[in-house]
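In the numbering used here, the protein residues as written are 1 to 387.
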């Protein structure tokens with residue numbers, strides 16, 4: 001059942017006053033709540049409730065990212081690539097309440113990133129380092145706005161039906177460079193295409209045993225936390241078991257991190273700015289109460305401060321991205337230099353080996369020639385003796 005913003009806020013207020021999660025669940029039942037694009041001033045910040053756990057879905061189009069979100073929710077709440085005539089161009093947040101009363105936020109990010117500046121669909125998603133830093137910065141800020149209190153787990157969605165691409169490897173490198181190694185403590189790899197492994201009578205362990213080294217390294221970075229999803233199965237029990245395994249990993253991540261969601265200086269700055277903006281808005285309302293301004297008029301008057309906040313956070317993200325890009329370029333240059341040095345060393349070793357081989361061959365030929373000459377001399381001597 002979908003809820004309006006007003007209904008959701010009412011539910012949240014009642015939930016915070018309640019002392020029992022199970023009572024909240026019995027009273028309201030399961031529901032799904034969707035926030036997409038174009039938010040109003042009041043809608044911008046608080047719908048990701050503090051007591052909720054927030055999961056971030058990232059991955060390239062075709063890996064079944066939105067379908068994974070639908071499996072988690074048990075209904076087609078996210079528009080998947082297969083059923084869409086277009087491409088998701090903005091992050092979207094949806095919320096549900098689990099059977100135990102736990103509120104769960106899931107943020108789906110664009111699998112392909114549409115750049116208005118480039119007027120095309122490009123790259124591998126939110127952390128595609130080939131895109132303009134200003135554009136990526138805006139996309140990341142848009143995503144962080146949906147989770148101002150932080151992220152409890154990052155679900156990196158990969159597919160067993162396709163190889164682990166260089167673009168995906170680079171996207172994860174950008175993710176680590178932007179948010180730091182600490183983000184590794186929150187990453188869970190979700191492999192889709194469980195039906196394909198079933199058809200081949202293979203397990204996820206079998207697949208990972210034969211996977212490329214780059215994927216094994218990524219798996220090691222996130223503590224080998226992974227789960228297999230079959231988003232196509234009609235077996236509801238199977239889906240529930242897969243979701244249960246995922247949520248168990250989310251609980252593990254939360255416990256290992258002391259129940260604290262991931263948040264860096266970008267989240268902190270956005271949260272600080274949000275408080276300042278809310279205080280400013282409340283003071284503005286109090287000062288203009290007698291003039292009875294409409295909500296739209298208040299929004300227009302407070303818009304400059306809101307824009308300034310986003311500009312400040314955007315600049316932080318862009319600066320971080322530029323720093324990240326520079327580091328990646330330096331690493332690539334170091335790797336290139338190391339490769340060139342290794343190639344030169346290998347060439348020198350090969351040249352030395354070729355020279356030694358040539359010398360040995362020449363020495364062997366000389367030895368054979370001497371032996372032949374000696375044999376001929378011996379034959380001549382024997383002939384002379386007989387005569």
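C-beta atoms are modelled at their ideal positions from N, C-alpha and C, and glycine is treated no differently.
A straight line joining the alpha-carbon of residue 226 with that of residue 335 spans about 29 Å. Residues 164 and 169 of the same chain have their beta carbon placed closer than 7 Å to that of residue 214, with the five preceding and five following residues left out of the count. Fewer than three beta-carbon pairs drawn from the segment 345-360 and the segment 170-186 are found closer than 8 Å, and the two stretches are therefore not classed as touching. The shortest CA-to-CA distance from residue 159 to any of 101, 94, 97 and 65 is the one to 65. Under the three-state reduction of DSSP output, residue 192 falls in the strand class. By the C-beta criterion, the segment 239-257 is judged to be in contact with the segment 147-157, since at least 3 inter-stretch pairs fall below 8 Å.
Taking C-beta separations shorter than 7 Å and ignoring five residues to either side along the sequence, the partners of residue 327 in its chain run 177, following chain order. Under the DSSP definition of a beta bridge, residue 105 partners with 54 and 95. Separation of residue 235 and residue 343 (C-alpha to C-alpha, rounded to the nearest whole angstrom) is 53 Å. Residue 154 has 56 and 187 as its beta-bridge partners, per DSSP. Secondary structure note for residue 243: its alpha helix (DSSP H) is the uninterrupted segment 236-256. The alpha carbon of residue 166 has as its nearest neighbour, out of 92, 212 and 258, the alpha carbon of 212. Just so you know, the alpha carbons of residue 345 and residue 156 end up roughly 39 Å apart.
Of the residues 184, 202, 228 and 146, the one whose Cα lies closest to the Cα of residue 218 is 184.
In the DSSP secondary-structure assignment, residue 78 is not bridged to any residue. When beta bridges are read from the DSSP output, residue 226 appears opposite 189.
The same chain holds no residue with a CB closer than 6 Å to that of residue 74 once the five nearest residues on each side in sequence are set aside.
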